[in-house]
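Structure first, commentary second.
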Amino acid sequence: MALDSAKKQEIIAKYGRNENDTGSSEVQIALLTERITELTEHLKVFKKDHASRLGLLKLVGQRRRLMKYFKRTNKDAYAKLIDDLGIRDNI
1 MALDSAKKQE IIAKYGRNEN DTGSSEVQIA LLTERITELT EHLKVFKKDH
51 ASRLGLLKLV GQRRRLMKYF KRTNKDAYAK LIDDLGIRDN I
């Protein structure tokens, strides 16, 4: 269920601070959001895939921790990112 490299490069180019930026909070949150979206669609079809459901819950927790850190460090960029990704601000 990993992202293909073309999709990953597209996300990095869109949200990264420069072309080699793969570790910033924005990029990590965007990549996790894409993986969460794909896993959610997979689980709508395969309702009994509990291993993937556990992986989804781990990804959501990881994204939540990153979002909490990012909101604490850069509130303006955080607001722009959640609007861009279309996710809720529940932190």
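Numbering (full-length UniProt numbering), first residue to last: 1 to 91.
Even glycine gets a Cβ: it sits at the ideal position worked out from N, Cα and C.
Local conformation of T37 per DSSP, three classes = In the structure shown, T37 sits in a helix (DSSP, three-state: H, G or I).
key: Inter-residue spacing [alpha-carbon to alpha-carbon] between N20 and K48   = 39 angstroms
ask   = Should the stretch 72 to 81 be regarded as contacting the stretch 51 to 60, the criterion being three or more beta carbon pairs within less than 8 angstroms?
value = no
task = Label A30 either buried or exposed according to how many other C-beta atoms from any shown protein chain fall within 10 Å of its C-beta, with 16 as the threshold for buried.
result = buried
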